[in-house]
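In my numbering, the protein residues as written are 656 to 956.
Just so you know, even glycine gets a beta-carbon here, dropped at the ideal spot from N, CA and C.
Contents: one structure, followed by commentary.
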Ligand SMILES: [Zn+2]
């Protein structure tokens, strides 16, 4: 049903924005690409560079008043505090490129079956504000752009970042054409979790076995009942046992098994999948790179 060829991989050097001394490892995007090139994984891929998202696409999801704040750079100190990132024009450009990147990856997944974006997953951005390192919600912008263009009419967002996808759930609360499924650490940020279509909150330290049991229980059923034409998968690296901002206990091997299960389950349902990386804050930063590379290797396998 899909065209065959190299699996599209979307990447852009501008994602590495200077945010000073920060827990968010912005260098991971470059390090992931370099590692995948060094081990030969990217040799068979079809590397694509995104264009920035158009303002009209940003406004499908974000309020005009918020976009004005972003375009003029008029964040108050409280707003920057909530964003947990220093605002800069470079951050705005990177966020627009990233939203364009997730949109491109989604379009390529629809035509070619699967794709991966070496970036994205900024699921804490709401219609009217940014928070938790997320300025623009690239996943929501991509989903809304495809829906409005009538490229698809049912998208399933599978958010397996350790943190609940609060912005995405809020944005699509009243949108039946987007189903939001989040599996996350229940006692972690964000304190307030606007309900998505399916929220599975996990207790402290849940490990590989229990995590996979729950994923097996929910994901095939959601795919079967909702029958999406596209899965947008947030393959966060932060459910890892060695993550500074996590709280779950998954191993590197367990995370690889998680990714393979999502990809295989979607393939069985003949559903296209676009993968974004989302969070990852391992105490040992190279673990974050290894986990994200495992995700990409699973997509390209
Ligand atoms: Zn996260």
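Residue i versus residue j: straight-line alpha-carbon distance, rounded
i: residue 786; j: residue 779; result: 6 angstroms
i: residue 823; j: residue 784; result: 12 angstroms
i: residue 782; j: residue 818; result: 18 angstroms
i: residue 856; j: residue 902; result: 12 angstroms
i: residue 628; j: residue 788; result: Any property of residue 628 remains undetermined from this structure, which presents the chain solely from 656 to 956.
i: residue 675; j: residue 880; result: 45 angstroms
i: residue 685; j: residue 768; result: 25 angstroms
i: residue 884; j: residue 765; result: 8 angstroms
i: residue 712; j: residue 802; result: 11 angstroms
i: residue 959; j: residue 820; result: Limits of the chain in this structure are 656 at one end and 956 at the other, which puts residue 959 out of reach.
i: residue 942; j: residue 904; result: 14 angstroms
i: residue 797; j: residue 865; result: 31 angstroms
i: residue 701; j: residue 694; result: 16 angstroms
i: residue 682; j: residue 831; result: 37 angstroms
i: residue 944; j: residue 835; result: 26 angstroms
i: residue 843; j: residue 710; result: 32 angstroms
i: residue 742; j: residue 679; result: 14 angstroms
i: residue 731; j: residue 724; result: 10 angstroms
i: residue 841; j: residue 859; result: 8 angstroms
i: residue 951; j: residue 728; result: 34 angstroms
Buried/exposed call for residue i, threshold 16 Cβ in 10 Å
i: residue 758; result: buried
i: residue 666; result: buried
i: residue 923; result: exposed
i: residue 718; result: exposed
i: residue 877; result: buried
i: residue 938; result: exposed
i: residue 738; result: buried
i: residue 872; result: exposed
i: residue 925; result: exposed
i: residue 771; result: buried
i: residue 663; result: buried
i: residue 677; result: exposed
i: residue 720; result: exposed
i: residue 919; result: exposed
i: residue 698; result: exposed
i: residue 726; result: exposed
i: residue 756; result: buried
Contacts around residue i, its chain only, beta-carbon distance under 8 angstroms, and the 5 residues preceding and following it disregarded
i: residue 867; result: 909, 912, 913, 916
i: residue 806; result: 762, 765
Other residues of its chain near residue i: CB distance less than 6 angstroms, five sequence neighbours each side excluded
i: residue 752; result: 667, 669, 705, 707
i: residue 888; result: 813, 917, 928, 930
i: residue 854; result: 837
i: residue 956; result: none
Beta-carbon contacts of residue i that lie in its chain and below 7 angstroms, excluding the five residues immediately before and after
i: residue 946; result: 892, 895, 907, 910, 935
Exercise. Scan the stretch 696-732 and note each continuous beta strand (DSSP E) run of 3 residues or more that stays entirely inside, going in chain order.
Key: Unbroken beta strand (DSSP E) runs of no fewer than 3 residues, entirely contained in the stretch 696-732, are found at 701-703, following chain order.
Quiz item: Going along the chain, which residues put their C-beta within less than 7 angstroms of some heavy atom in ligand 3?
Solution: The ligand content of the structure shown is limited to ligand 1, which means ligand 3 is not among them.
Self-check item: Those runs of the alpha helix (DSSP H) which lie wholly inside the stretch 757-795 and span at least 4 residues
Solution: Those alpha helix (DSSP H) runs which fall completely within the stretch 757-795 and span 4+ residues do not exist here.
Quiz item: In the stretch 873-910, which residue ranges form an unbroken beta strand (DSSP E) of at least 3 residues, counting only runs that do not cross its ends?
Solution: The stretch 873-910 contains, as complete beta strand (DSSP E) runs of 3+ residues, the segments 885-889 (chain order).
Quiz item: Residue ranges of each beta strand (DSSP E) run of no fewer than 3 residues wholly in the stretch 837-868, ordered along the chain?
Solution: Qualifying beta strand (DSSP E) stretches, in chain order: 853-857.
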